[in-house]
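Here is the structure we will look at, set down as structure tokens.
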Amino acid sequence: MIEEIELREYRPSYLDAMYSLDRECFSEEFRFDRESMRVFAEEPDSIVRVAVKTGGDLAGFVIVHVQPMAKGELAYVVTLDVAEEYRRRGVARRLLSQAEERAGAVGALWMELHVFTGNDSAIRFYESSGYGRVGLRRRFYGKAGLDAFVYRKALVVL
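Per the working numbering, residue 1 is the first one in the sequence shown, and the count goes up by one each step.
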């Protein structure tokens with residue numbers, strides 16, 4: 001049940017579990033190596049929320065970077081991972097919502113992300129979360145050369 005999930009701040013002790021979950025969630029062309037994940041999670045401008053089950057195991061996590069742009073701050077979703085057993089139970093929506101709130105609180109005007117053009121469930125999720133498709137990036141995903149849609153959502157700046 002969703003009640004058994006607590007959202008927490010990132011701690012380096014979560015890294016191995018995050019890396020393992022990323023390997024479970026995504027095929028090779030979409031995964032991060034352990035060092036890249038550590039760097040993304042530990043950047044000073046990162047917003048990282050970790051969904052922890054009762055007992056301490058990870059149910060999911062989100063990594064967002066806040067970047068200065070010419071017309072205000074941009075928050076970018078680096079990755080959003082949720083364990084199979086916790087999908088379609090509100091965990092991803094809670095993680096994304098908290099990341100959006102925190103990004104808005106530090107001045108980000110919008111949140112942006114990339115989604116593989118063939119990932120219909122992720123596309124439906126982001127569109128139902130208020131994201132609109134604003135572009136297409138050809139050959140975005142590494143050596144496989146897979147295309148990605150670009151999605152964006154305006155944030156409420158607190």
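C-beta atoms are modelled at their ideal positions from N, C-alpha and C, and glycine is treated no differently.
Rounded separation between residue i and residue j - CA only
i    : j    : result
L80  : V66  : 15 Å
E29  : Y141 : 7 Å
A70  : R87  : 36 Å
K92  : Y76  : The identity of residue 92 in the sequence shown is Ala, whereas the question assumes Lys. A92 and Y76: Cα-Cα distance of roughly 16 Å.
F149 : V134 : 8 Å
D33  : R23  : 9 Å
S27  : L21  : 11 Å
A105 : L155 : 9 Å
R31  : Y19  : 9 Å
Y10  : G107 : 21 Å
A17  : D57  : 8 Å
For residue i: DSSP bridge partner residues
i    : result
T79  : I63
R152 : E112 and G132
L146 : Y141
E6   : V52
Coil, strand or helix - residue i by DSSP
i    : result
R11  : coil
F30  : helix
G104 : helix
R124 : helix
R93  : helix
R87  : coil
Heavy atom of the ligand MN within 7 Å of residue i beta-carbon
i   : result
L58 : With respect to small molecules bound, the structure shown includes none, and the ligand MN cannot be examined in it.
Task: Sequence ranges, beta strand (DSSP E) only - wholly within the stretch 44-75, length at least 3 - done: 46-53 and 58-69
- [ ] Check whether the stretch 52-66 touches the stretch 97-104, counting contact only when three or more Cβ pairs, one atom from each stretch, lie closer than 8 Å.
- [x] yes
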